[in-house]
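First residue of the sequence shown? That's 80 in the numbering used here, and the numbers climb one at a time after it. Beta carbons: idealized from backbone N, C-alpha and C, even for Gly. If you're wondering where the values come from, they're calculated on a predicted model, not measured in any experiment.
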Amino acid sequence: METYKISKLKENEYIFETRLGLSYSMEIKKSDISYLQTNGSSKYIDIFRFSIFDKDYPIESDYIIRNTILDFILSYFSKNTNDEIMFFINNEYEKNSNSHRAKSRLKLFRRLFRIATRSKNSNYIFLTNEHFILNHQQYKMDYIGIIIKMTSLNYNNIVRAFNKFCHENSYQKE
């Protein structure tokens, strides 16, 4: 699987550049969301974030970007003892299509993890806050997603913590 070279900027911050010169940054940080582990201790969920530096460029359709992000996340799981990683999917307004972008990005993430599950024989599940959103057409906040190792001893507690967070943060007050 071809990927771009990832460079470490500082602790938990990385960058890669595409062949057209777009720079993507990736960051892992701790959230304030925790769950109770089977050993009785609390564990905070990490958040994965990626963004594009050069916003004036049109976003390119490049399978190597997909491969690089997927490889980074799978590498994160293999190097860490974490069973989960959460992320927010930017839902900014797209003037060209008169709509918000998150739904298409959710499709991308789903496709990434279908590919990962098939090609890497991985056992991950991808959950989002979609079922907590009352009106998708009027929803302007970011979408929330989580990737969880299905073999985790803490699987049920992680799902409960994620659902609680989504319930508290996905409904828009009108």
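Checklist entry - When the Cα atoms are used, what is the spatial distance from Leu149 to Gly119? => result Indexing the sequence shown from 1 puts residue 149 at position 70. Indexing the sequence shown from 1 puts residue 119 at position 40. Approximately 31 angstroms between the Cα atoms of the pair.
Next on the checklist: On a Cα-Cα basis, can you pick out the residue from Ile94, Glu90 and Met165 that is closest to Asn242?
Outcome noted: If you number the sequence shown from 1, residue 242 lands on position 163. Considering only alpha carbons, the answer is Met165.
Next on the checklist: Can you list, in chain order, the residues of its chain with a C-beta nearer than 7 angstroms to that of Thr196? Leave out the 5 residues immediately preceding and following it.
Outcome noted: Position 117 of the sequence shown, counted from the start, is the residue given in the question as residue 196. Excluding sequence positions up to five before and after Thr196, its CB lies within less than 7 angstroms of the CB of Tyr203, all in the same chain and listed in chain order.
Checklist entry - When you compare each of Lys228, Asn233 and Ser249 to Met220 by their alpha carbons, which one comes out closest? => result Start at 1 with the first residue of the sequence shown, and residue 220 comes out as number 141. The shortest C-alpha separation from Met220 is found at Ser249.
Item to check | Sub-9 angstroms separation of Ser130 and Tyr103 beta-carbons | outcome: Translated into the one-based positions of the sequence shown, residue 130 becomes position 51. Translated into the one-based positions of the sequence shown, residue 103 becomes position 24. In contact: Ser130 and Tyr103 (Cβ atoms closer than 9 angstroms).
Checklist entry - CA-CA distance, Ile226 and Arg184? => result The sequence position of residue 226 within the sequence shown is 147, counting from 1. The sequence position of residue 184 within the sequence shown is 105, counting from 1. Computed Cα separation, rounded: 15 angstroms.
Checklist entry - Counting along the chain, where does the alpha helix (DSSP H) carrying Asp150 start and finish? => result For this step, residue 150 is matched to residue 71 along the sequence shown. Annotation for Asp150: the continuous alpha helix (DSSP H) segment containing it runs Tyr142 to Lys158.
Item to check | Which residues DSSP lists as bridging Leu206, in chain order | outcome: By one-based count along the sequence shown, residue 206 stands at place 127. DSSP lists Ile225 as partners of Leu206.
Checklist entry - Excluding the five sequence neighbours on either side, which residues of its own chain have a C-beta within less than 8 angstroms of the C-beta of Tyr123, listed in chain order? => result Looking up residue 123 in the sequence shown gives position 44. Closer than 8 angstroms at the Cβ level, and outside the excluded window around Tyr123, lie Lys109, Ser110, Asp111, Ile112 and Ser113.
Item to check | CB of Thr207 within 9 angstroms of CB of Tyr218, strictly | outcome: Stepping through the sequence shown from its first residue, residue 207 is reached at position 128. Stepping through the sequence shown from its first residue, residue 218 is reached at position 139. Contact flag unset, no.
Checklist entry - Any beta-carbon of chain C closer than 9 angstroms to the one on Ile131? => result In summary, chain C is missing from the structure at hand, where a single protein chain is found.
Next on the checklist: By the three-class DSSP mapping on this structure, what secondary structure does Lys89 have?
Outcome noted: Numbered from 1 along the sequence shown, position 10 holds the residue referred to as residue 89. In this structure, DSSP gives Lys89 an extended state, which the three-state scheme calls strand.
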